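See structure below.
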Amino acid sequence: MIDCIVVGSGLAGISFCEELRKNGKTFMVFDNDSQVSTNIAGGLYNPVILKRFTPVWKAEEQLDTALPFYAALESLLGEKFDHKIPVYRRFTSVEEQNNWFVAGDKPGLSPFIETSVHHFELPGVEAPFGYGRVLQTGRVDTEALQKAYVSYLQDTGCFRQESFQYDRLQVMNDRVIYDGIEASRVIFCEGFGMKKNPFFDYLPLNGTKGELLIIEAPELELDFVLKSSVFLIPLGERRYKVGATYKWKDKTNIPTEESRMELLTKLQSFFKGPYEVIDHVAGIRPTVADRRPLVGQHPEFSRLYCLNGLGSRGVMIAPFAAKQLYQSMYGQQEIVPEMDVERYRSKYQSTVSG
Ligand SMILES: Cc1cc2nc3c(=O)[nH]c(=O)nc-3n(C[C@H](O)[C@H](O)[C@H](O)COP(=O)(O)OP(=O)(O)OC[C@H]3O[C@@H](n4cnc5c(N)ncnc54)[C@H](O)[C@@H]3O)c2cc1C
Numbered sequence: 005m006i007d008c009i010v011v012g013s014g015l016a017g018i019s020f021c022e023e024l025r026k027n028g029k030t031f032m033v034f035d036n037d038s039q040v041s042t043n044i045a046g047g048l049y050n051p052v053i054l055k056r057f058t059p060v061w062k063a064e065e066q067l068d069t070a071l072p073f074y075a076a077l078e079s080l081l082g083e084k085f086d087h088k089i090p091v092y093r094r095f096t097s098v099e100e101q102n103n104w105f106v107a108g109d110k111p112g113l114s115p116f117i118e119t120s121v122h123h124f125e126l127p128g129v130e131a132p133f134g135y136g137r138v139l140q141t142g143r144v145d146t147e148a149l150q151k152a153y154v155s156y157l158q159d160t161g162c163f164r165q166e167s168f169q170y171d172r173l174q175v176m177n178d179r180v181i182y183d184g185i186e187a188s189r190v191i192f193c194e195g196f197g198m199k200k201n202p203f204f205d206y207l208p209l210n211g212t213k214g215e216l217l218i219i220e221a222p223e224l225e226l227d228f229v230l231k232s233s234v235f236l237i238p239l240g241e242r243r244y245k246v247g248a249t250y251k252w253k254d255k256t257n258i259p260t261e262e263s264r265m266e267l268l269t270k271l272q273s274f275f276k277g278p279y280e281v282i283d284h285v286a287g288i289r290p291t292v293a294d295r296r297p298l299v300g301q302h303p304e305f306s307r308l309y310c311l312n313g314l315g316s317r318g319v320m321i322a323p324f325a326a327k328q329l330y331q332s333m334y335g336q337q338e339i340v341p342e343m344d345v346e347r348y349r350s351k352y353q354s355t356v357s358g
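Take 5 as the starting number for the sequence shown in our numbering and just add one per residue.
Written out as structure tokens, the structure reads:
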């Protein structure tokens, strides 16, 4: 008998496995590579919403959990994932500059906004109104992290590369049985894959497709993330991630010509230098109507849990949400109500009653 079966090895699954591992619990992880959000993400963590200059929900608490979490993973896996790189927002008007100064004086934002305007020259980029710098930002190489973590799980015999078949799960009052494995609980961390999960498909997981281009710009050497109409995220060797798009209808992981054109048009609106597109990727962000994660226990089957709805900011929120789930599961603390799936109990009841 093990403590947990974990379905999914994206940021949600990794974060929860780490809670289990640190607390000496036993577990088995399943992943079938059906979702790629963690694999292709930009990987940015940034406590400020740069469209409206507002703080991210519980930004300080999220960063307080996330930064030590990635540092511990770097020690565990012997590889660097967290690149502490600044983010500069390019201003397009005096009004934006003023809004930046106003935002920097607000209590929830002042730790994260440097209230001065920076002016510097970049080849191919015009910025007559300068840039504002966001503090406490960085990029986690989520692709490398997922690869290294899965390989670590494989080495420790805790990983099965296969689909979790929901109809083969036996749920009892005191345990679950799946394919000969007896466990105390199952934690579903399937990202947008949760749409196929008959236990949690009552939850309002919408899913928002995102696409990114990888470009090589031979004359541009940035050591920071540049945010204009799109993000330019440096990967080293003058390669950059450019993105991302937000689409609500298409739920496939297939890159589209329409999004490629959208990204290139936005890129060219502020970057006039030469570049070449070397890759194009797409994935579905697990987004929720009320923009809060979906964390907690199933309303009827107490052995089943979900950790999902990380939306477009999984890097920052996954470790915080996983910790909340673990602590609630072992009776140490309740989940923040805004994230708790309990808020959708009536939705479940109306689904069950038909
Ligand atoms: C284009 C794009 C850019 C992004 N940029 C950023 C960014 O800069 N910063 C940021 O913080 N976030 C970013 N995100 C969002 C981020 O990727 C997500 O919040 C996060 O990765 C979600 O993690 P997850 O573990 O919940 O889901 P996923 O990463 O989708 O992982 C779920 C896993 O479950 C597996 N799975 C599903 N169903 C089953 C099943 N039945 N059996 C077995 N395995 C199953 C899947 O194969 C997958 O590996 C971006 C997303 C996209 C699409």
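We put the CB at the ideal spot given by N, CA and C, even for glycine. Computed from a predicted structure; not experimentally measured.
Taking 8 Å as the upper bound for CB-CB distance, Pro202 and Tyr348 are not in contact here, some 16 Å apart. Note on geometry: alpha-carbon atoms of Glu342 and Lys276 lie some 43 Å from one another. In the three-state reduction of the DSSP assignment, Asn312 falls in the strand class.
Taking the Cβ of Lys213 as the reference point, at least one heavy atom of ligand 1 falls within a distance shorter than 8 Å. The straight-line gap separating the alpha-carbon atoms of Pro59 and Asn177 is approximately 42 Å. Scanning its chain for C-beta atoms nearer than 8 Å, with the 5 sequence neighbours on each side dropped, one finds around Arg264 the residues Glu215, Leu217, Val281 and His284, in chain order.
Secondary structure of Lys55 (DSSP, three-state): coil. A heavy atom of ligand 1 is found nearer than 8 Å to the CB of Cys193. Taken in chain order, the whole alpha helix (DSSP H) runs of length 4 or more contained in the region 118 to 204 are 146 to 159.
Short note on Ala187: C-beta not closer than 8 Å to any heavy atom of ligand 1. When beta bridges are read from the DSSP output, Glu23 appears opposite no residue. When C-alpha distances from Ser354 are compared across Phe274, Thr291, Tyr206 and Pro290, the shortest belongs to Tyr206. For Lys231, the beta-bridge partners assigned by DSSP are Arg93 and Phe235. Two segments are said to touch when three or more pairs of C-beta atoms, one from each, lie closer than 8 Å; by this definition the region 131 to 139 does not touch the region 167 to 183. By the neighbour-count criterion, in which a residue is buried when 16 or more other Cβ atoms sit within 10 angstroms of its Cβ, Trp104 is buried. Placement of the Cβ of Arg289 at a distance of less than 8 Å from at least one heavy atom of ligand 1 is found. In the three-state reduction of the DSSP assignment, Ile339 falls in the coil class. Around Glu304, the same chain offers Tyr352 and Val356 as residues with beta carbons nearer than 8 Å, after the five sequence neighbours per side are excluded. Taking 9 Å as the cut-off, the beta carbon of Ala152 is found no closer than this to the beta carbon of Phe116. Cα atoms of Cys310 and Phe204: separation of roughly 8 Å, rounded to the nearest angstrom.
In the three-state reduction of the DSSP assignment, Ile219 falls in the strand class, which pools E and B.
DSSP places Tyr49 within a strand segment (E or B) once states are collapsed to three. For Ile321, the uninterrupted alpha helix (DSSP H) segment begins and ends at Gly318 to Met333. Here the region 64 to 71 makes no contact with the region 119 to 132; the two share fewer than three CB pairs at distances below 8 Å.
Per DSSP, Gln66 is one residue of the alpha helix (DSSP H) stretching across Ala63 to Leu81. Excluding five sequence positions before and after Gln337, the CB atoms of its chain that fall closer than 8 Å to its own CB belong to Gln328 and Gln331, given in chain order.
Straight through space, the alpha carbons of Glu186 and Ile6 are spaced by roughly 6 Å. Looking at Pro90, Gly335, Ile191 and Asp35, the one whose alpha-carbon comes closest to that of Leu139 is Pro90.
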